[in-house]
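Student:
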Amino acid sequence: MRATTPGYDFARGIWRENPVLVQLLGLCPALAVTNTVANSLAMGLATFFVLVGSSLLVSTLKNLIPHEVRISAYILIIATFVTVADLVLAAVVPDIHKALGAFIALIVVNCMILGRQEAFASKRPVGRALLDAVGTGTGFIIALLMMGGIREVLGYGTFLGWPLFGASYEPWIIMILPPGGFFTLGFILLAFSWRESRRQEKPSVRDWPHGVGAATRRSA
Amino acid sequence: MGDLVWILISAMLVNNFTLALFLGLCPFMGVSARVATALRMGGANIFVLVITSMTAWVLNTFVLASAPYLRLISFIVVIASLVQIVEITIKKISPTLFRELGIFLPLITTNCAILGLAIFQTNRGYGFLEGLFFAVGAGLGLTLALVLMASIREQTELATVPALARGMGLVLIIAGSLSLAFMGFAGLFST
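Note that the protein sequences, when read in sequence, are chains A and B.
The opening residue of the first sequence carries number 5 in the working numbering; numbering runs sequentially from there.
The opening residue of the second sequence carries number 1414 in the working numbering; numbering runs sequentially from there.
Below, the structure is given as structure tokens:
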């Protein structure tokens, strides 16, 4: 396994290997609940909590979990933290809990969380697993806020409920409906791809190791 | 009987799991490059969904009434075990299929559609038969979305797509257009 520095473990998930924008994991919540900034933030924080908690526990227990049933064991641990997050959200912010609905329970099946357990937390010391989880979780929150920001500003003409454009603004209803989620993420990826293609014209800049740009180069 | 048919059509077209509820996006993005593979993935999903629906009903009716806070954990454990059984069976019966579906087979467990179905079914208080129709409708809807997407992606390989748009950006925008088209089915209920 390639050795990495603690700083890299932390920073990688935030932008360079951002779980949503580059690795395209955890798309279900990233598209489904990002019609407002407040919902995005609640979902981001809940997922962050579950990811950090599960990574800590999986990394601590990694020598006790038999290899054959590891996936079930990871899911059991994740489901426990999701139940906690679900009950806490219902108690603290009942309105947002209602708006997110079944998607809080569905944090259990966020591929990003299980992916970090299988690929990282189950093989590394606790400290590294914590750094990785905090980095990846932060990247997830950033991606959700980007999506939520774009969709709320265009779809409602507001940001966190504050009107931005005055009464004459005609909201783009499509942005808060399901197709808007697909279009927003699609255009963000196109923008990344465009940036990557500009970057390639300057050979001195180091290429991204994974993600949209790499896929584009292979298929081009 | 009419209600059951509506549940099926609603889950398949109006509230399509993938295009309206964003459930099951991992296979939708990952296994939708070829129509043949998409069909098989759809079949595997229908199978797992039907089993999930029956299991969720049994758990809800006989076990979880006295301990609802254990619902999430027991759903996911039972579903994960079932998917492992399916995986072992497919590996034994059809190694080709096993190779083709690759990483996505164990990930059916972490497919939001499976757990989503169990949760929706519970929240809406569906009985055994209603649950079965809901599962079949949802599975058919997923398969439809997968196959439509795969057919379009096979076409885009022959088209002159600008280099910039190749990759997942294009797939997401196609998905958005499909989702837009499926919103038209919402009119089915008002007439």
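Here a beta-carbon is modelled for each residue, glycine too, at the ideal position from N, C-alpha and C.
From Thr1535(B) to Ala171(A), what distance separates their C-alpha atoms?
Tutor: Whole-angstrom Cα-Cα distance: 42 Å.
Student: Between Arg199(A), Leu80(A), Pro182(A) and Met47(A), which has its C-alpha nearest Leu1438(B)'s C-alpha?
Tutor: The option with the nearest alpha carbon to Leu1438(B) is Pro182(A).
Student: Name the one or two DSSP bridge partners that Pro167(A) has.
Tutor: Answer is Thr162(A), bridged to Pro167(A).
Student: If I follow the unbroken alpha helix (DSSP H) through Gln204(A), where does it start and stop?
Tutor: Looking at the DSSP string, the run of the alpha helix (DSSP H) that includes Gln204(A) is Pro182 to Gln204.
Student: Near Ile79(A), what residues of its chain come up, given a Cβ to Cβ distance below 8 Å and the 5 sequence neighbours on each side ignored?
Tutor: So the qualifying residues of the chain are Val112 and Leu118.
Student: Just mark Ile177(A) as buried or exposed, buried being the case when its beta carbon has 16 or more other beta carbons within 10 Å.
Tutor: Exposed: under 16 other Cβ atoms inside 10 Å.
Student: Please check if any C-beta of chain A sits within less than 8 Å of the C-beta of Val1490(B).
Tutor: Yes, its Cβ sits closer than 8 Å to a Cβ of chain A.
Student: Would you kindly work out how many angstroms separate the C-alpha atoms of Met150(A) and Pro1508(B), rounded to a whole number?
Tutor: Whole-angstrom Cα-Cα distance: 42 Å.
Student: Is the stretch 1568-1577 of chain B close to the stretch 1473-1482 of chain B, with three or more CB pairs under 8 Å?
Tutor: No: fewer than three Cβ pairs fall under 8 Å.
Student: Alpha carbon to alpha carbon, what distance is there between Thr188(A) and Ile154(A)?
Tutor: Those two C-alpha atoms are separated by around 7 Å.
Student: Thinking Gly1550(B) and Ile1422(B) are a contact (beta carbons under 8 Å), I'd like their distance in whole angstroms, please.
Tutor: Their Cβ separation, rounded to whole angstroms, is 7 Å, which keeps Gly1550(B) and Ile1422(B) in contact under 8 Å.
Student: What's the call for Gly190(A), buried or exposed, on a 16-neighbour Cβ count within 10 Å?
Tutor: Buried: at least 16 other Cβ atoms inside 10 Å.
Student: Thinking Leu104(A) and Val24(A) are a contact (beta carbons under 8 Å), I'd like their distance in whole angstroms, please.
Tutor: Not really, about 17 Å apart at Cβ, beyond 8 Å.
Student: Comparing C-alpha positions only, which one of Ser197(A), Gly184(A), Ala46(A) and His101(A) sits nearest to Ile1587(B)?
Tutor: Cα-wise, what sits closest to Ile1587(B) is Gly184(A).
Student: From what residue to what residue does the alpha helix (DSSP H) around Ile1532(B) run?
Tutor: Its alpha helix (DSSP H) spans residues Cys1525 to Asn1536.
Student: Under a CB-based cut-off of 8 Å, is Thr87(A) close to chain B?
Tutor: Closer than 8 Å: yes.
Student: Suppose the cutoff is 6 Å on Cβ atoms and the five residues either side in sequence are ignored; what does the same chain contact list for Phe1(A) look like?
Tutor: Any question about residue 1(A) goes unanswered here, given that chain A covers just 5 to 224.
Student: The alpha helix (DSSP H) that contains His101(A), what's its start and end?
Tutor: Pro98 to Leu104 is the extent of the alpha helix (DSSP H) around His101(A).
Student: Just to confirm the assignment, what range does the alpha helix (DSSP H) spanning Phe14(A) have?
Tutor: From DSSP, the alpha helix (DSSP H) with Phe14(A) extends over Pro10 to Arg16.
Student: Kindly indicate which three-state DSSP category Gly215(A) falls into: helix, strand or coil?
Tutor: Because the pLDDT of Gly215(A) is 45, which lies under 50, any placement of that residue in the model is unreliable, and the number read from its coordinates should be weighed accordingly. Coil.
Student: Over what stretch of residues does the alpha helix (DSSP H) that includes Ile1501(B) continue unbroken?
Tutor: Looking at the DSSP string, the run of the alpha helix (DSSP H) that includes Ile1501(B) is Arg1484 to Ile1506.
Student: Which residues in the same chain have their Cβ closer than 7 Å to the Cβ of Leu1528(B), if we skip the five residues on either side of it in sequence?
Tutor: Excluding sequence neighbours, Leu1528(B) sits near Phe1488, Ile1489 and Ile1492.
Student: Along chain B, in chain order, which residues have C-beta atoms closer than 9 Å to that of Ser76(A)?
Tutor: Those are Ile1489, Val1490, Ala1493, Ser1494, Gln1497 and Thr1522, listed as they occur along chain B.
Student: Sort Leu1601(B), Pro1575(B) and Leu1591(B) by Cα distance to Phe1430(B) and report the nearest one.
Tutor: Measuring from the Cα of Phe1430(B), the nearest candidate turns out to be Leu1591(B).
Student: I'd like to check one pair, Leu110(A) with Phe14(A): are the Cβ atoms closer than 8 Å?
Tutor: Cβ atoms of Phe14(A) and Leu110(A): not closer than 8 Å.
Student: Is the beta carbon of Ile51(A) sitting closer than 8 Å to the one on Asn114(A)?
Tutor: Per the sequence shown, residue 51(A) should be read as Thr rather than Ile. Yes; because the gap between Cβ atoms is below 8 Å, this pair is in contact.
Student: Mind checking whether Ile100(A) and Asn43(A) have CB atoms under 8 Å apart?
Tutor: Yes; because the gap between Cβ atoms is below 8 Å, this pair is in contact.
Student: Between the beta-carbon of Cys1525(B) and the beta-carbon of Leu1436(B), is there less than 8 Å?
Tutor: Yes, Cβ-Cβ distance for Cys1525(B) and Leu1436(B) is below 8 Å.
Student: Check each candidate in Thr9(A), Ile18(A) and Glu156(A) and name the one with the smallest Cα separation from Gly139(A).
Tutor: Answer by Cα proximity: Ile18(A).
Student: Alpha carbons only, please: which of Ile1420(B), Ala1433(B) and Glu1543(B) is nearest the one belonging to Gly1597(B)?
Tutor: Comparing Cα-Cα distances from Gly1597(B) to each of Ile1420(B), Ala1433(B) and Glu1543(B), the minimum goes to Ala1433(B).
Student: Taking Pro129(A) as the reference, which of Val88(A), Val96(A) and Leu60(A) has the closest Cα?
Tutor: It is Leu60(A) whose Cα lies nearest to the Cα of Pro129(A).
Student: Do the CB positions of Gly1455(B) and Val1560(B) come within less than 8 Å of each other?
Tutor: Their beta carbons are under 8 Å apart, which means Gly1455(B) touches Val1560(B) by this criterion.
Student: In chain order, what residues of the same chain lie with their CB nearer than 6 Å to the CB of Thr142(A), ignoring the 5 residues before and after it?
Tutor: If we look at Thr142(A) and ignore the five residues flanking it on each side, its Cβ neighbours are Ile18.
Student: Closer than 6 Å by C-beta to Ile1426(B): which residues in its own chain qualify, once you throw out the five before and the five after it? Chain order, please.
Tutor: This sequence places Leu at residue 1426(B); Ile is not what is there. Counting only Cβ-Cβ distances below 6 Å, and skipping sequence neighbours, we find Phe1598.
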